[in-house]
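Enquirer:
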Amino acid sequence: LVTILVVALLSFLILNLTATVTVGFSNSDFTKAVDEAKYQKVIQDYLDANPLGRLHFLLDNSGLNSYVLGNLTEVKGVVQKTMTGLGVTEFEITMREPVASWKINDDQYYVDDEGVAFETNYFADPAVRVVDNSGASLAAGQASISKRFLGFVGQVVSLCNQDGYTVSEAVLPSNTTRQLNIKLKDS
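Numbering (our numbering), first residue to last: 65 to 251.
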């Protein structure tokens, strides 16, 4: 009886163990190739740092999401899905879709509908581009606009879209970095 219980317990643990990670994506309309290995590695790194999370029923989903989102800003969320084989677990990743883009120095940034700024985009470039006419002088290695302001731009564009307005352009007027002029398309 003890042997049967031990075998049953070990079988249960083995069947719920994540040894290898595969990823799938909930978004399907990518226009650029996605490097799946990059996302698998970050999830594996989290599981290496939290070995008890390799057991399905002990995985801290909020901790996993915090870790992945902290390392890959283009990710909106991660969900543990099903076992696809012995020791192989699939995780579903939802990517952020941009509503506006902005070029600061040589870096291209995108903003999603929640106002989160990110740098890697796998979707078509958004129709709304932010035009910087502020004339602000840039110090070496510093951006003229904060990611918080980029987030504000994303939220404004999203709210306009929800109310049936189409934003054609967002402009920072000259001599300021704290104002935003929004141009709407004619209906």
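Note that CB positions come from ideal geometry on N, CA and C, so glycine has one too.
Suppose you measure from the CA of leucine 244 to the CA of alanine 188; what does that come to, to the nearest Å?
Expert: Locating residue 244 in the sequence shown gives position 180, where the first residue counts as 1. Locating residue 188 in the sequence shown gives position 124, where the first residue counts as 1. When rounded, the distance between both Cα atoms is 24 Å.
Enquirer: Got a sec, what are the start and stop residues for the beta strand (DSSP E) leucine 236 sits in?
Expert: As a working mapping, residue 236 is identified with position 172 in the sequence shown. From DSSP, the beta strand (DSSP E) with leucine 236 extends over 231-236.
Enquirer: Using the DSSP secondary-structure output, state which residues sit across from glutamate 154 in a beta bridge.
Expert: Here the question's residue 154 lines up with position 90 in the sequence shown. According to DSSP, glutamate 154 bridges with Thr86.
Enquirer: Phenylalanine 182 by DSSP, collapsed to three states: which one?
Expert: Reading the sequence shown from its first residue, position 118 is the one you call residue 182. In this structure, phenylalanine 182 counts as strand in the three-state DSSP scheme.
Enquirer: Classify aspartate 93 as buried or exposed, calling it buried when 16 or more other Cβ atoms lie within 10 Å of its own Cβ.
Expert: Against the sequence shown, residue 93 aligns to sequence position 29. It counts as exposed.
Enquirer: Identify the residues that DSSP records as bridge partners of isoleucine 246: which are they?
Expert: As a working mapping, residue 246 is identified with position 182 in the sequence shown. Isoleucine 246 is bridged to Ala234.
Enquirer: Do glutamate 138 and threonine 146 have their beta-carbon atoms positioned less than 8 Å apart in this structure?
Expert: Locating residue 146 in the sequence shown gives position 82, counting from the first residue. Locating residue 138 in the sequence shown gives position 74, counting from the first residue. It is not a contact, given that the beta carbons lie outside the stated cut-off.
Enquirer: Which residue from Phe121, Tyr131, Lys96 puts its Cα closest to that of glutamine 108?
Expert: Walking along the sequence shown from the start, residue 108 turns up at place 44. Ranking Phe121, Tyr131, Lys96 by Cα distance to glutamine 108 puts Tyr131 first.
Enquirer: Report the start-end ranges of each alpha helix (DSSP H) in the segment 117-145 that is 4 residues or longer and not cut off at the edges.
Expert: Fully enclosed alpha helix (DSSP H) runs of 4 or longer: 125-135.
Enquirer: From the DSSP secondary-structure annotation, give me the bridge partner or partners of alanine 164.
Expert: Here the question's residue 164 lines up with position 100 in the sequence shown. Per DSSP, Val175, Val192.
Enquirer: First and last residue of the alpha helix (DSSP H) that includes proline 75?
Expert: Here the question's residue 75 lines up with position 11 in the sequence shown. The amino acid at residue 75 is misidentified as proline; the sequence shows serine. Per DSSP, serine 75 belongs to the alpha helix (DSSP H) from 66-79.
Enquirer: So which of Ile68, Gly151, Asn114 has the shortest CA-CA distance to leucine 79?
Expert: For the purposes of this step, residue 79 is taken as residue 15 along the sequence shown, with counting starting at 1. Among Ile68, Gly151, Asn114, the Cα nearest to that of leucine 79 is on Gly151.
Enquirer: Looking at C-alpha atoms only, which residue of Ser75, Asn197, Glu156 is the closest neighbour of glutamine 104?
Expert: Here residue 104 is taken as the residue at index 40 of the sequence shown, counted from 1. The shortest C-alpha separation from glutamine 104 is found at Glu156.
Enquirer: Taking the CB atoms as reference points, tell me whether tyrosine 186 and valine 85 lie closer together than 8 Å.
Expert: Walking along the sequence shown from the start, residue 186 turns up at place 122. Walking along the sequence shown from the start, residue 85 turns up at place 21. For tyrosine 186 and valine 85, no; Cβs fall outside 8 Å.
Enquirer: Do you know whose CA, among Ala101, Phe182, Tyr174, Lys96, lies nearest glycine 88's CA?
Expert: The residue given as residue 88 occupies position 24 in the sequence shown. Comparing Cα-Cα distances from glycine 88 to each of Ala101, Phe182, Tyr174, Lys96, the minimum goes to Ala101.
Enquirer: Taking buried to mean at least 16 other C-beta atoms within 10 Å of its own C-beta, is alanine 164 buried or exposed?
Expert: Taking the sequence shown and counting its residues from 1, one reaches residue 164 at position 100. With 16 or more Cβ atoms within 10 Å of its Cβ, alanine 164 is classed as buried.
Enquirer: For lysine 249, is the classification buried or exposed, using 16 other Cβ atoms within 10 angstroms of its Cβ as the cut-off for buried?
Expert: Along the sequence shown, one-based indexing puts residue 249 at 185. When all chains shown are included, lysine 249 counts as exposed.
Enquirer: Buried or exposed for glycine 149, please, with buried defined as at least 16 other CB atoms from any protein chain shown within 10 angstroms of its CB.
Expert: Position 85 of the sequence shown, counting from 1, holds the residue named residue 149. Exposed, because fewer than 16 other Cβ atoms sit within 10 Å of the Cβ of glycine 149.
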